[in-house]
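Just below is one structure, and these are the notes that go with it.
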Amino acid sequence: DTGVSQNPRHKITKRGQNVTFRCDPISEHNRLYWYRQTLGQGPEFLTYFQNEAQLEKSRLLSDRFSAERPKGSFSTLEIQRTEQGDSAMYLCASSSSGVTQYFGPGTRLTVL
Amino acid sequence: AQSVTQPDIHITVSEGASLELRCNYSYGATPYLFWYVQSPGQGLQLLLKYFSGDTLVQGIKGFEAEFKRSQSSFNLRKPSVHWSDAAEYVCAVGAGTGNQFYFGTGTSLTVIP
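Those sequence lines, one after another, are chains R and L. Here my numbering runs 1053 ahead of the position in the first sequence, where the first position is 1. Here my numbering runs 3 ahead of the position in the second sequence, where the first position is 1.
Below you can see the structure in the form of structure tokens.
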């Protein structure tokens, strides 16, 4: 059990650019979740996958956001045409039981 | 709708003193409840969880929490705080078909010598 890993850990980009983050869950965890955390707030749910199927998306996930989990293992979260309001910590979590979630260290995005 | 409230944004305690962090939730069914700790540059580390059964649950690092259904609360406690406990503590409830988490805004703990 090597834990959930996320890359990159930090990303600085200019407004209007596209960015992609990667999450590698704990091996054999079939559920994978994405959350966003802004300064002074708790994490907010974005979306989750069971295996390769994306089963739910929050209203926070605008059409500029897309997430994939092509083979039911790692997942990517892409943000197109970034805006300053997208600056946040993006957290990934995985779960085998569908109950307890184990979190990665997060990717901190700064949009200039 | 599900929600989690942590009334205390920031708490300062002296090393060796006892600690209680408050968490109140709103959820229609029996919730899954969690406490996580978040240190700078680190992700969320699970401290403890409650699913059912004994309402007093023990976690790592000497923490415990008590589920009180009548008060919709799940407060975190530690009898004697150590300087290394300084961190952000976040309460969460698992809900929905995918058991996605709803988090409180967190309580920042400062420990003074």
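The beta-carbon is built from N, C-alpha and C at its ideal position, and this holds for glycine as well.
How about residue i: is its C-beta nearer than 7 Å to some C-beta of chain R?
i: V93 (chain L); result: yes
i: Q74 (chain L); result: no
i: F106 (chain L); result: yes
i: N27 (chain L); result: no
i: Q5 (chain L); result: no
i: Q103 (chain L); result: yes
i: Y35 (chain L); result: yes
i: G56 (chain L); result: no
Would you say the beta carbon of residue i comes nearer than 6 Å to a heavy atom of the ligand NAP?
i: I63 (chain L); result: Within the structure as shown, the ligand NAP is missing, as the structure has no ligands at all.
Taking Cβ positions, are residue i and residue j nearer each other than 7 Å?
i: G1012 (chain R); j: G46 (chain L); result: Coverage of chain R is limited to positions 1054 through 1165, which leaves residue 1012 (chain R) absent and any answer about it impossible.
i: A89 (chain L); j: T58 (chain L); result: no
i: L1108 (chain R); j: G97 (chain L); result: no
i: V1152 (chain R); j: Y35 (chain L); result: yes
i: E69 (chain L); j: Q61 (chain L); result: no
Thinking just about the alpha-carbon of each residue, which of the options is nearest to the one in residue i?
i: F1074 (chain R); options: R:S1128, R:Y1155, R:S1147 and R:D1139; result: R:S1128
i: L1092 (chain R); options: L:Q5, L:A4, L:I12 and L:G99; result: L:I12
i: I1079 (chain R); options: R:T1135, R:Y1155 and R:L1162; result: R:Y1155
i: Y28 (chain L); options: L:N78, L:V7 and L:Y39; result: L:V7
How would you label residue i, buried or exposed, when you count the other beta carbons within 10 angstroms and need 16 or more for buried?
i: A1120 (chain R); result: buried
i: R1117 (chain R); result: exposed
i: T85 (chain L); result: Correcting the residue identity first, residue 85 (chain L) is His in this sequence and not Thr. Answer is exposed; the Cβ neighbour count stays below 16.
i: K52 (chain L); result: buried
Rounded to whole angstroms, how far is the Cβ of residue i from the Cβ of residue j, which I believe are closer than 8 Å?
i: N1104 (chain R); j: G1138 (chain R); result: Not quite, the Cβ-Cβ distance comes to about 31 Å (not below 8 Å), so this is no contact.
i: Q9 (chain L); j: Y1101 (chain R); result: Incorrect: roughly 23 Å between the Cβ atoms, too far for contact.
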